[in-house]
Each structure stands twice: as C-alpha cells, then as structure tokens.
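In our numbering, the protein residues as written are 314 to 492.
Positions of the beta carbon are idealized from the N, C-alpha and C atoms, including for glycine.
Predicted model only: the values in this text are computed from it and were never measured.
Contents: one structure, followed by commentary.
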C-alpha cells in the first residue's frame with residue numbers, strides 16, 4: 314500500500330481542542346465548531362476543550378497559549394478569522410506563537426477547498442504548525458470550509474493508521490507509532 318489507511322494497525326486517539334474565533338457566534342450558533350466536535354468524536358478522538366473567543370489577537374493568543382501549555386491537549390483546531398476582513402486576525406495571533414510552521418497544510422487545504430469553492434479558496438489564510446509539542450490547525454470559519462478541512466485533510470492526518478505516516482507519531486505520548 315503506497316498511502317491510505319492500514320486497518321490492521323491500531324488506532325491511537327488524539328486529544329483535540331476546538332477554538333471558534335468569532336465576534337458573533339455563541340454555543341447555539343457555532344455550527345463550524347459544532348461540526349469539528351462532531352467529526353473528531355465520530356473519528357474516535359477525544360474533545361480536550363472547546364471555547365469561543367472574539368476576533369482579537371490577545372483573546373486568540375491567550376486561549377491558544379493556555380491549551381498549548383496543557384499536556385492534556387495534543388492538537389488545537391481553530392475555526393474563523395483566517396480571511397481578509399479587518400477583524401480577521403487569527404494568523405496574526407497564532408503565527409508568532411509557532412516554533413515550526415507546517416507550510417504543506419495550507420497547500421493541501423487549498424487544493425481540497427478548490428474542489429468545493431473554486432477560486433474563492435484564495436480568500437483563506439489557513440495555516441498550521443507546532444507550538445512546542447502541540448500542533449495547531451487554523452481553518453476558515455464557514456461550516457463548509459471546516460467540513461472540507463476535516464473530511465479531506467485532517468481526518469487522515471489525525472489517524473495513526475494512515476500510511477506512510479501521520480502526525481500522530483509526532484505527538485510525544487505516541488512517538489514512534491508510525492515507525
């Protein structure tokens with residue numbers, strides 16, 4: 314098998330925190346964060362935390378720093394604030410916290426997104442990287458973009474059975490499972 318799921322291998326669940334960045338959404342109207350929570354649970358992962366913060370650099374960075382410093386959080390997925398409106402500041406809040414940027418995530422996300430929204434994918438500044446040992450993925454705030462990000466990219470990246478490898482082997486408690 315060149316690449317794909319090897320169902321003969323064990324599945325190692327990740328502890329994933331979901332951060333919605335929005336000035337207008339609340340727990341009732343947060344369909345994007347809700348979709349991510351639903352998808353991660355369906356995939357067998359554990360919800361490590363969920364929060365909604367306004368489109369403000371300090372609010373975003375503060376919550377991200379808190380989760381990145383928590384050994385019970387393996388991965389953070391943010392939704393919202395990646396566009397070009399004046400209030401979209403997620404990349405500005407997250408990028409300074411990164412010690413490594415995962416350039417390929419943006420490329421793969423845009424390729425996947427192009428199939429559903431066409432050239433409009435250019436309006437996203439999706440990014441990913443690592444803050445110390447915690448991975449973070451920042452995706453657009455629309456429910457459709459979250460669906461694309463999870464179903465077409467993250468579901469495989471977060472599955473330890475995906476070969477030739479997934480990021481699961483880079484999580485400290487799972488180092489070596491993709492060897």
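Residue span of the alpha helix (DSSP H) that contains residue i, given as start and end
i           : result
residue 393 : Looking at the DSSP string, residue 393 is not in any alpha helix (DSSP H), and its letter there is neither H nor E.
residue 422 : 416-430
residue 344 : 344-355
residue 461 : 456-462
CB of residue i within 8 Å of CB of residue j, strictly
i           : j           : result
residue 365 : residue 333 : yes
residue 390 : residue 452 : yes
residue 353 : residue 460 : no
residue 438 : residue 395 : yes
residue 371 : residue 328 : no
residue 475 : residue 469 : yes
residue 465 : residue 450 : no
residue 381 : residue 426 : no
Option in the options with minimal Cα separation from residue i
i           : options            : result
residue 400 : 454, 458, 340, 487 : 454
residue 448 : 436, 383, 438      : 383
residue 393 : 355, 381, 478, 456 : 456
residue 363 : 473, 343, 490      : 343
residue 331 : 478, 346, 341      : 346
Per-residue burial, residue i [other beta carbons within 10 Å of its own, 16 or more giving buried]
i           : result
residue 351 : exposed
residue 316 : exposed
residue 385 : exposed
residue 397 : exposed
residue 336 : exposed
residue 355 : exposed
Opening and closing residue of the beta strand (DSSP E) in which residue i lies
i           : result
residue 441 : 440-444
residue 449 : 447-452
residue 333 : 328-334
residue 359 : 359-366
Inset, instruction - Check whether the stretch 403-419 touches the stretch 437-451, counting contact only when three or more Cβ pairs, one atom from each stretch, lie closer than 8 Å. - result: yes
Inset, instruction - Could you tell me whether the stretch 416-427 touches the stretch 396-407, using the rule of 3 or more Cβ pairs below 8 Å? - result: no
Inset, instruction - Please determine if the stretch 428-435 and the stretch 316-326 are in contact, where contact requires at least 3 C-beta pairs separated by less than 8 Å. - result: At 8 Å Cβ cutoff, the stretches do not touch.
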